[in-house]
């Protein structure tokens, strides 16, 4: 599913109308979709009080349509017109014909009636502004939104549903007006907007759903930014033939771990295995191998010479190189540390020809960051998995500059370096060297803890040799990791979640996706 800017959405709307779908049909579809989502959230609705905040443009029109549907479904509906509507507004006429409570803010100077409606509302629906709002919100509109924010602080508070965007959230930048409300749910129309995944606006969105309003998918075909969905992930999962052997699903060599970061090696190898890799070999300092073998019983081992206890020596490069040809992918960096010997090892491994596919994380990235124009020396095809701090080292940008435009930064450097980049964080960004980009739908503070990145790097490395492109393997790994995090959060909450909690959940996520994909296919017969 493509992610659009406000300009792109307007162009798609115009083209859809030009091709023959009237604007009023799109509005009808949008309003009904919002009403159906509101009914799903609050059912049964026949004794629920809905308060619609209606603004001046199309967003207000969508709200009027939704109000009509909810009224027809026997909900108690009130409409508060915060701005004048066009004189020929058919949707307003249809609302008025139904004798719904319809209050004009111009006749409610002290907002007395509004305050009464707000106090009794079970649900407030924000239909003030959508993608077209850029100016500061002022006057009665600001007063209304401020009152909504105040009532949301009380218990019990009404459910707040935003149509398309919470009013005051910039659809492109994620910037927010001071009175932008904190929605419980946002029903965005046709396609998700980029600002929904950028902070601080992302904090105001609540649970996001995307309403199909009848715009053909082909109109967004040229958009370069995409939201990773469960449907996409299910379709992308590698096939598992019945006559497979471990070579079918690829061989992964993981060079990881040091005396201070033993767990990183365990988590990375386990992530690769849980993502379906056929064989995973851990190359680590020889003194660590017995400790890890007690936990990683399915992994094979390549014990390496040490510079100091638990620190791989630079001379280990020769032994690793001797074995590289037996592997489809090399995962390098998790928990290696930043000693001089390790940095020399990483450099000697990476700056050579005939490498397997690469997944580079953590200390491999820290080593690259210290080498001028490293990307010109790194000849192999690679996935880089930096967090913002590591991306800062690689790019020379500050963390603030990166976080202010995560999509733009990831796309720029993926093209410049000709590497696939996984910029980790809330709504992880995956950027391809060809300019295409995908965004994870997940933002989970439970994943902000040590080791979760090692699981992700391992999962991606485990997917790479199963027949996926680097871009698809990185995207699928991010989705599986994020979905596993959501399931763990559902059980444990987002405080105290451990990286190792993700590991047993990953196969279940894959199973769910396969079942979802299978259920979309028409059944001929059962045997």
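In our numbering, the protein residues as written are 24 to 550.
Glycine included, each C-beta is placed from N, C-alpha and C at the ideal position.
Discussion item. Which of the three DSSP states is assigned to residue 534 in this structure?
Written reply: helix
Worksheet item: Which residue comes first and which comes last in the alpha helix (DSSP H) that contains residue 499?
Response: 493-515
Item to complete: Take residue 126 and list the residues in its own chain whose beta-carbon comes closer than 8 Å to its own, dropping the five residues that flank it on each side.
Response: 101, 102, 103, 104, 136, 137 and 140
Discussion item. Helix, strand or coil, according to DSSP, for residue 389 in the structure here?
Written reply: helix
Fill in: Run of the alpha helix (DSSP H) containing residue 117, from where it starts to where it stops
113-120
Worksheet item: Taking three-plus beta-carbon pairs below 8 Å as touching, is the stretch 27-37 in contact with the stretch 252-259?
Response: no
Worksheet item: Is the Cβ-Cβ distance between residue 192 and residue 199 less than 7 Å?
Response: yes
Discussion item. Count Cβ pairs between the stretch 360-379 and the stretch 332-341 that sit closer than 8 Å; are there 3 or more?
Written reply: yes
Discussion item. For residue 380, which residues in the same chain have their Cβ closer than 6 Å to its Cβ, ignoring the five residues on either side in sequence?
Written reply: 352, 404 and 487
Discussion item. In chain order, what are the residue ranges of uninterrupted beta strand (DSSP E) at least 3 long that sit wholly in the stretch 185-268?
Written reply: 208-212, 230-234 and 248-250
Item to complete: Drop a sphere of 10 angstroms on the beta-carbon of residue 72, count the other beta-carbons inside from all chains shown, and report buried for 16 or more, exposed for fewer.
Response: buried
Item to complete: Measure from the alpha carbon of residue 437 to the alpha carbon of each residue in 458, 223 and 449, then state which is nearest.
Response: 458
Worksheet item: How many whole angstroms separate the CB atoms of residue 275 and residue 303, which I take to be in contact at a CB cut-off of 8 Å?
Response: 5 Å
Discussion item. Quick check on DSSP: helix, strand or coil for residue 165?
Written reply: helix
Discussion item. At the level of alpha carbons, what is the spacing between residue 483 and residue 526?
Written reply: 13 Å
Worksheet item: Quick one: complete alpha helix (DSSP H) runs, 4+ long, within the stretch 395-464?
Response: 411-418, 422-427 and 429-440
Discussion item. Using only the alpha-carbon positions, how far apart do residue 81 and residue 50 sit?
Written reply: 8 Å
Item to complete: For residue 546, count neighbouring C-beta atoms within 10 Å of its own C-beta (all shown protein chains included) and say buried if the count is 16 or more, exposed if not.
Response: Bear in mind that a pLDDT of 45 at residue 546, under 50, signals an unreliable position, so the model cannot answer this.
Practice prompt. Measure the alpha-carbon distance for residue 306 versus residue 317 and round it to whole angstroms.
Written response: 15 Å
Discussion item. Checking the sheet assignment: what are the DSSP bridge partners for residue 35?
Written reply: Residue 35 is not bridged to any residue.
Worksheet item: Where does residue 322 fall in DSSP's three states?
Response: coil
Item to complete: Please classify residue 274: does DSSP put it in a helix, a strand, or coil?
Response: strand
Practice prompt. Could you spell out the range, first to last residue, of the alpha helix (DSSP H) harbouring residue 48?
Written response: 46-65
Worksheet item: Rounded to the nearest angstrom, how far is the Cβ of residue 212 from that of residue 53, given a contact under 8 Å?
Response: 5 Å
Practice prompt. Have a look at 165, 285, 132 and 85 and flag the residue whose alpha-carbon is nearest the alpha-carbon of residue 356.
Written response: 285
Discussion item. Using only CA atoms, which one of 68, 116, 246 and 57 lies nearest to residue 85?
Written reply: 57
Discussion item. Using C-beta distances below 6 Å, list every residue in its chain close to residue 320, excluding the 5 sequence neighbours before and after it, in chain order.
Written reply: none
Worksheet item: residue 449 and residue 478 look like a contact to me (Cβ under 8 Å); what is the Cβ gap, rounded to whole Å?
Response: About 17 Å separates the two Cβ atoms, so there is no contact after all.
Fill in: Pick from 250, 205, 492 and 534 that is closest to residue 230, judged by C-alpha positions
205
Fill in: Residue burial classification, residue 215 (beta-carbon count within 10 angstroms, cutoff 16)
buried
Worksheet item: Would you call the CB atoms of residue 87 and residue 122 closer than 7 Å?
Response: no
Fill in: Proximity of residue 287 and residue 294 at Cβ, strictly below 7 Å
no
Fill in: Secondary structure of residue 72, DSSP reduced to three states
strand
Item to complete: Output the distance between the C-alpha atoms of residue 550 and residue 542, rounded to the nearest integer angstrom.
Response: Its pLDDT being 35, under 50, residue 550 is placed unreliably in this model, and the coordinates cannot settle the point.
Worksheet item: Which residue's Cα is closest to the Cα of residue 531: 518, 508, 92 and 244?
Response: 508
Worksheet item: When DSSP builds the beta bridges, which residues end up paired with residue 382?
Response: 354 and 406
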